[in-house]
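Take 0 as the starting number for the sequence shown in numbering that gives the first Met the number 0 and just add one per residue. For glycine and all other residues, C-beta sits at the position ideal for the given N, C-alpha and C. All of these numbers come straight from a predicted model, not from anything done at the bench. The structure appears right after this line, and notes come after that.
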Amino acid sequence: MSDLNLPVISTKNLSYTYSNGTVALKKVNLNIMKGELIGIMGKNGAGKSTLIRTFNGLIKPTQGDIYINGDNTRTKTVAELSKRVGIIFQNPAHQVFSNTVEEEISFSLKSLDISKEALTQRKEEILKNFDLEKYKDRSPLNLSGGETKKLAVASVFCRDPEILVFDEPTLGQDLNEINFFVNLIKREKEKGKTIVIITHNIEFALEYIPRIILMTDGKIVADGPTNKILTNEFLIKLTSLVLPQLFQFYAALKTINIKASERIRSKEEMKDLITTYIERASKKRQGGS
0 MSDLNLPVIS TKNLSYTYSN GTVALKKVNL NIMKGELIGI MGKNGAGKST LIRTFNGLIK
60 PTQGDIYING DNTRTKTVAE LSKRVGIIFQ NPAHQVFSNT VEEEISFSLK SLDISKEALT
120 QRKEEILKNF DLEKYKDRSP LNLSGGETKK LAVASVFCRD PEILVFDEPT LGQDLNEINF
180 FVNLIKREKE KGKTIVIITH NIEFALEYIP RIILMTDGKI VADGPTNKIL TNEFLIKLTS
240 LVLPQLFQFY AALKTINIKA SERIRSKEEM KDLITTYIER ASKKRQGGS
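Here it is, written out as structure tokens:
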């Protein structure tokens, strides 16, 4: 159990260099508290995926340290850390190995020290909660991309880790699948879970993620409120993020007549703000004619 006064994830001058000499992380210092929902953003190659792989010990630091609930990951095995930190990677097919959906869930539950009856009940709950009952006898190879991602998430949830990490969860997902994921993270957040999400989806981040970490070239260059960071034109350019057209239009209006103190928190709020200023400008023109 984690101490509420300590970060559940803490990195101290964390650096990592791959065997080919590529420096992926450069003295990363980061604290994530219990129950936080945060996003990690940046262009490809910024170090995001390498960073999350240090959370469960898949990667050990070249220099510096990372602590999970105060424990240095150097002293823990991947198996031990995976009970605390569940990671769902960008390509879910790499996390699925069994012949059927039901077997995959059963395999993931084997690590739990509970009775056979409890395992069966837990398996049925997982299949139902992730809408996988109708696919339980199907090979994971015959699932759609969205269904495979659900199965990968369900497999991680079998261990009920207190820290959940998602790598590009909305990528390639349709609206229903994105809504399923949104409801999922809301439920887990209410349970007090700590949630970390790598994403390129700025609209999604502004609407659902309160804190954002921006990375470039293996370093954290910004860490703070999402609606402040993702409306900062300098930071957007620095990290090579691409704003949707609506956001680009907002940025253009902001340079002309929108006060810098006004911060958007969602796409709908931004639309309302843009509409307000267009109407205001129209009235001024009419009054001056």
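DSSP, reduced to helix, strand and coil, places Asp166 within a strand of the structure shown. In terms of Cβ geometry, Val100 and Tyr134 form a close pair [threshold 8 Å]. Annotation for Val220: the continuous beta strand (DSSP E) segment containing it runs 218-224. Bounds of any alpha helix (DSSP H) do not take in Ala23; it lies within the beta strand (DSSP E) bounded by 22-31. Between the alpha carbons of Leu57 and Val77 lies a distance of about 6 Å. The count of Cβ pairs closer than 8 Å, one atom from the stretch 125-134 and one from the stretch 191-208, stays below three, leaving the stretches out of contact. When only Cα atoms are considered, Met32 and Ser107 end up about 27 Å apart. Within the stretch 133-214, the beta strand (DSSP E) runs of at least 3 residues that lie entirely inside it are, in chain order, 162-166, 193-197.
Inclusion of Gly217 and Gly34 in the CB contact set at 8 Å is not warranted, their separation being larger than that value. The Cβ-Cβ distance between Gly63 and Lys26 falls below 8 Å. Classified as buried, Asn226 has 16 or more neighbouring CB atoms from the shown chains inside 10 Å of its CB. Rounded to whole angstroms, the Cβ separation of Leu213 and Ala221 is 4 Å, and the two are in contact under 8 Å. Across the structure, Glu123 and Leu142 are spaced so that their CA atoms are roughly 19 Å apart.
Judged by DSSP in its simplified three-state form, Ser281 adopts helix.
Beyond the five residues adjoining it in sequence on each side, Ile65 comes within less than 8 Å, by CB distance, of Ile8, Ser9, Thr10, Lys11, Leu13, Thr53, Phe54, Asn71, Thr72 in the same chain, given in chain order. If you compare the alpha carbons of Ile86, Leu50, Glu189 with that of Lys148, the shortest gap goes to Ile86.
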